[in-house]
Amino acid sequence: MNAPIDVSFFPRAAKPLPSYKPYWAKRFGTAPFLPMSRAEMDVLGWDSCDVILVTGDAYVDHPSFGMSVIGRVLEAQGFRVGIIAQPDWQSSEPFKALGRPNLFWGVTAGNMDSMINRYTADRKIRSDDAYTPGDIGGKRPDRAAIVYSQRCREAYKDVPIVLGGIEGSLRRIAHYDYWSDKVRRSIVVDSKCDLLLYGNAERALVEVAHRLARRESVENITDVRGTAFVARATPEGWFELDSTEVDRPGRVEDHINPYQTTSEQAAAQGSVCEAESGTQDASKANTLAAEQPLRFVRGAGRVSSTGSVAPAGAGTALQGEVVATPTAVLRPPRERTVIRLPSYEKVKSDTVLYAHANRVLHLETNPGNARALVQAHGEGATARDVWINPPPIPLTTQEMDLVFDLPYARSPHPSYADARGRHDGETKIPAWEMIRFSVNIMRGCFGGCTFCSITEHEGRIIQSRSEDSIVREVEEMRDKVQGFTGIVSDLGGPTANMYRLGCSSPLIEAVCRKPSCVYPGICQNLTTNHDPLIKIYKRVRTLPGVKKVLIGSGLRYDLAVKSPAYVKELVQHHVGGYLKIAPEHTEEGPLSKMMKPGIGSYDRFKQLFEQFSEEAGKKQFLIPYFIAAHPGTTDEDMLNLALWLKKNGFRADQVQAFYPSPMATATTMYHTGLNTLKGIHRDERAEKVDTPKGERRRRLHKAFLRYHDSNNWPLLREALKDMGRADLVGNGKHHLIPSWQPLSDGGYQTARRKNSTPATTSASGASVSAKPRVGSSAAGKVGRRDAEMAAYEPVEDVRFRTSRPTPGQLLTQHTGLPPRSTGQGGKRKAPNRKPR
Numbered sequence: 020m021n022a023p024i025d026v027s028f029f030p031r032a033a034k035p036l037p038s039y040k041p042y043w044a045k046r047f048g049t050a051p052f053l054p055m056s057r058a059e060m061d062v063l064g065w066d067s068c069d070v071i072l073v074t075g076d077a078y079v080d081h082p083s084f085g086m087s088v089i090g091r092v093l094e095a096q097g098f099r100v101g102i103i104a105q106p107d108w109q110s111s112e113p114f115k116a117l118g119r120p121n122l123f124w125g126v127t128a129g130n131m132d133s134m135i136n137r138y139t140a141d142r143k144i145r146s147d148d149a150y151t152p153g154d155i156g157g158k159r160p161d162r163a164a165i166v167y168s169q170r171c172r173e174a175y176k177d178v179p180i181v182l183g184g185i186e187g188s189l190r191r192i193a194h195y196d197y198w199s200d201k202v203r204r205s206i207v208v209d210s211k212c213d214l215l216l217y218g219n220a221e222r223a224l225v226e227v228a229h230r231l232a233r234r235e236s237v238e239n240i241t242d243v244r245g246t247a248f249v250a251r252a253t254p255e256g257w258f259e260l261d262s263t264e265v266d267r268p269g270r271v272e273d274h275i276n277p278y279q280t281t282s283e284q285a286a287a288q289g290s291v292c293e294a295e296s297g298t299q300d301a302s303k304a305n306t307l308a309a310e311q312p313l314r315f316v317r318g319a320g321r322v323s324s325t326g327s328v329a330p331a332g333a334g335t336a337l338q339g340e341v342v343a344t345p346t347a348v349l350r351p352p353r354e355r356t357v358i359r360l361p362s363y364e365k366v367k368s369d370t371v372l373y374a375h376a377n378r379v380l381h382l383e384t385n386p387g388n389a390r391a392l393v394q395a396h397g398e399g400a401t402a403r404d405v406w407i408n409p410p411p412i413p414l415t416t417q418e419m420d421l422v423f424d425l426p427y428a429r430s431p432h433p434s435y436a437d438a439r440g441r442h443d444g445e446t447k448i449p450a451w452e453m454i455r456f457s458v459n460i461m462r463g464c465f466g467g468c469t470f471c472s473i474t475e476h477e478g479r480i481i482q483s484r485s486e487d488s489i490v491r492e493v494e495e496m497r498d499k500v501q502g503f504t505g506i507v508s509d510l511g512g513p514t515a516n517m518y519r520l521g522c523s524s525p526l527i528e529a530v531c532r533k534p535s536c537v538y539p540g541i542c543q544n545l546t547t548n549h550d551p552l553i554k555i556y557k558r559v560r561t562l563p564g565v566k567k568v569l570i571g572s573g574l575r576y577d578l579a580v581k582s583p584a585y586v587k588e589l590v591q592h593h594v595g596g597y598l599k600i601a602p603e604h605t606e607e608g609p610l611s612k613m614m615k616p617g618i619g620s621y622d623r624f625k626q627l628f629e630q631f632s633e634e635a636g637k638k639q640f641l642i643p644y645f646i647a648a649h650p651g652t653t654d655e656d657m658l659n660l661a662l663w664l665k666k667n668g669f670r671a672d673q674v675q676a677f678y679p680s681p682m683a684t685a686t687t688m689y690h691t692g693l694n695t696l697k698g699i700h701r702d703e704r705a706e707k708v709d710t711p712k713g714e715r716r717r718r719l720h721k722a723f724l725r726y727h728d729s730n731n732w733p734l735l736r737e738a739l740k741d742m743g744r745a746d747l748v749g750n751g752k753h754h755l756i757p758s759w760q761p762l763s764d765g766g767y768q769t770a771r772r773k774n775s776t777p778a779t780t781s782a783s784g785a786s787v788s789a790k791p792r793v794g795s796s797a798a799g800k801v802g803r804r805d806a807e808m809a810a811y812e813p814v815e816d817v818r819f820r821t822s823r824p825t826p827g828q829l830l831t832q833h834t835g836l837p838p839r840s841t842g843q844g845g846k847r848k849a850p851n852r853k854p855r
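Written out as structure tokens, the structure reads:
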């Protein structure tokens, strides 16, 4: 099954997806859209569905939407698949719309975690939902995976529930929940699902579906990789490693006393030295030695870390042989080993054990050497274990092509169309609009950024499509998708430039346990050849009907600088004026906790970017992204970042504060205050992490990034004085913020309306002026101070006082973006507007 163009040499010891015998219902053929109603089922000639998928997203039949991929993969295996999208969860009746599924329910919260979809990083409710028609919020419940599972059980309690998606993947063990500020149980326990499929689950789901179709009980399906379930006990034939505590010494081997004779050593072990006891004469000993040669038998005397002897057959001596038993402890086979994590009750109350459990989980993510995990939930009669099998085997290139070449309609379901029968009006789904003309070329990420959960969900091994498959999708998009103008918005994936990159050694890849292949530096075993990606870029941009191919996925610039030819191709042909990259910070403290490269890599990429832009005669700009309030970030770090931003002359209008998502390494740092990238201990060996918590400090860190916003100046002045940096407050160019405070209404206008802060208004609708800063005394002094401030007030509005930037100037994604040159001599032609 290994295609010769696979980037990874990892052996795919799994049954190929095309090798299953199709289910009998394949005779019904392919549905134009997976049915969402009984009427659609009648048109297809179905009397029932074999599998019903329940999702928190609107149904868009596109390979970028997880439910569409799962539905089409199951359909290709011959199963009849229906979809219930964004059902009303107040009762179980909407879950009966398609009838009783013959095999199982497939439940997911959607492409996004429902809590992240619903709440901002400051725990404020969002007013929109990009995965809902019309961008309307509130169409899915909080913790949607749990709620949907409960309603499915109420509707048809005897039907198995298979849970999947990003929300399930990131909650497969006891996890810290940012929104309730406590540790919650595994979602397997809370949802009461029969099976949890984590990661990209095509391989596991196909196997589970066929086994259920053969009438195998779901309770017996416990050996599928990439699954989790509730177990009452450890099955026979497994070695259990106890990892429920830290700082506990392991098995200690006794040192041999060099002053003891052979007989004394034997006596200490409870045996007798026959040669010295005289029970055997010399001739008999010689004969026995001649007939019994010394042979080493693998596994003889093997002892597990718990002190138990290896099971029978693991390695025994033949009759008449003299066995040399090794003194070192041989570990049990990894494929039959399960690691017991600290229980939910322990990690809930002990942050050290929580950090330890999270560290072990992240170390057991390589499909080549990962071991099963088990975590106890409950005590006494209610005790049960959550058993987590090793991660799924990555798909081969042939299997990736199979998944992406399925007959997707590449548009939302017709039921979402507006009065004109289109999907780009009032019922537009923003998430679909974003990826409407993009193509996913790979999966996985070996970056290992601690604030990101892609590695925990998709894995470190890159799974790449073939060049022909990518070109076929672009041509299909060009010919079939309504509104295509010749612009391909993206050729990418989780990362823009990891296509066909991977470990150069199959042996090293199979045993590697590093969380990142590019931190603290790029691994010497990692291939960084970007030639296959350059070839795809060139081929796609020369296709008939394709005018421009843009790269919208995040760029890993520390990899890009290893291939100047790639940077040249990217900059000169695939940048639409602005290129987004994510240095995230400038200071070593937070960067080391993020596992991101230093700012020097950014500077090298910026140099190449400007060089190749100048060679092409283009004025193009970098758009860096930064994170505020990340674990490991001090107030001084944010001050230094603000000074760097001011020195380089750019203003950040949209700032992302750190969002503690479940199971991320940075989230564990946030909760425990410990650096899980290093060993976890209870003593001084453990590295403590300074974590910005609380509304005021998180606001301060965001304010440093938006130092130019006058609404932030009072907070920054107070902070700078507390930090002993009052020298940065003044009206000179070398100062960070001015000493005067303008009269304002508290509003803030940006180039992007959604990121603007509305003005504070009174009940009558009139704007309310900003209140005097804390510390002002008599009211009579306020008028005098206002008069003094007015003397420094510029005539024009400082919020809009930005000149056209020079080439190479750094800009953020939403402020001061320079207008593209139109060749009109600096004057922009007014667009032709259609009359309303």
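Quick note on numbering: the sequence shown equals residues 20 to 855 in this note's numbering. For every residue, glycine included, the Cβ atom is placed at its ideal position computed from N, Cα and C.
Please name the residue, chosen from the options, that lies closest to residue i on a Cα-to-Cα basis.
i, options, result
"A140", "G713, R704, L641", "G713"
"I412", "L734, R355, G564, A220", "A220"
"G48", "W65, P35, Y39, R57", "W65"
"V202", "G153, T691, C68, R491", "T691"
"T546", "E588, I481, G502, I165", "I481"
"R633", "A648, V590, P268", "A quick correction: the sequence has Glu, not Arg, at residue 633. The shortest C-alpha separation from E633 is found at V590."
"R222", "R429, K176, G397, V243", "V243"
"A515", "L349, V458, V748", "V458"
Just list the residues that DSSP pairs residue i with in beta bridges.
i, result
"E259", "V357"
"A567", "Sequence inspection shows Lys at residue 567; the Ala mentioned does not correspond to that position. Paired residue(s): I506."
"F123", "V70"
"S457", "D509"
"Q675", "I646"
"R203", "H194"
"W406", "F248, V393"
"K707", "L693"
"R462", "Q482"
With residue i and residue j assumed to form a contact (beta carbons below 8 Å), what rounded beta-carbon distance in angstroms separates them?
i, j, result
"A529", "G387", "3 Å"
"A44", "G125", "With a Cβ gap of about 16 Å, A44 and G125 do not count as contacting."
"V100", "L53", "5 Å"
"G137", "D161", "Before going on, a small fix: residue 137 reads as Arg here, not Gly. Their Cβ separation, rounded to whole angstroms, is 6 Å, which keeps R137 and D161 in contact under 8 Å."
"Y576", "V568", "Actually they are not in contact, since the Cβ atoms of Y576 and V568 sit about 19 Å apart, beyond 8 Å."
"I185", "N130", "7 Å"
If the criterion is Cβ atoms closer than 8 Å, does the pair residue i and residue j meet it?
i, j, result
"Y150", "W108", "no"
"D656", "P609", "yes"
"N1", "E606", "Nothing can be reported for residue 1: it is not among the residues displayed for the chain, which extend from 20 to 855."
"A50", "Y435", "no"
"I4", "G505", "Lying before the first or after the last residue shown, residue 4 is absent from the chain, which here runs from 20 to 855."
"E494", "L421", "no"
"L216", "T263", "no"
"M613", "F470", "yes"
"V88", "A228", "no"
"H249", "V405", "With the sequence shown as reference, residue 249 is identified as Val, and His is not the correct amino acid for it. Result yes, Cβ atoms of V249 and V405 sit closer than 8 Å."
"V586", "F628", "yes"
"S535", "G467", "yes"
"N750", "P761", "no"
"H476", "S188", "yes"
Of all the CB atoms in chain B, is at least one closer than 8 Å to the CB of residue i?
i, result
"I642", "Considering every chain present, this structure includes no chain B. It has just one protein chain."
Apply the 10 Å Cβ neighbour rule to residue i and answer buried if 16 or more other Cβ atoms are within range, or exposed otherwise.
i, result
"E703", "exposed"
"R119", "exposed"
"R170", "buried"
"R142", "exposed"
"A32", "exposed"
"I155", "exposed"
"N377", "buried"
"M742", "exposed"
"K625", "buried"
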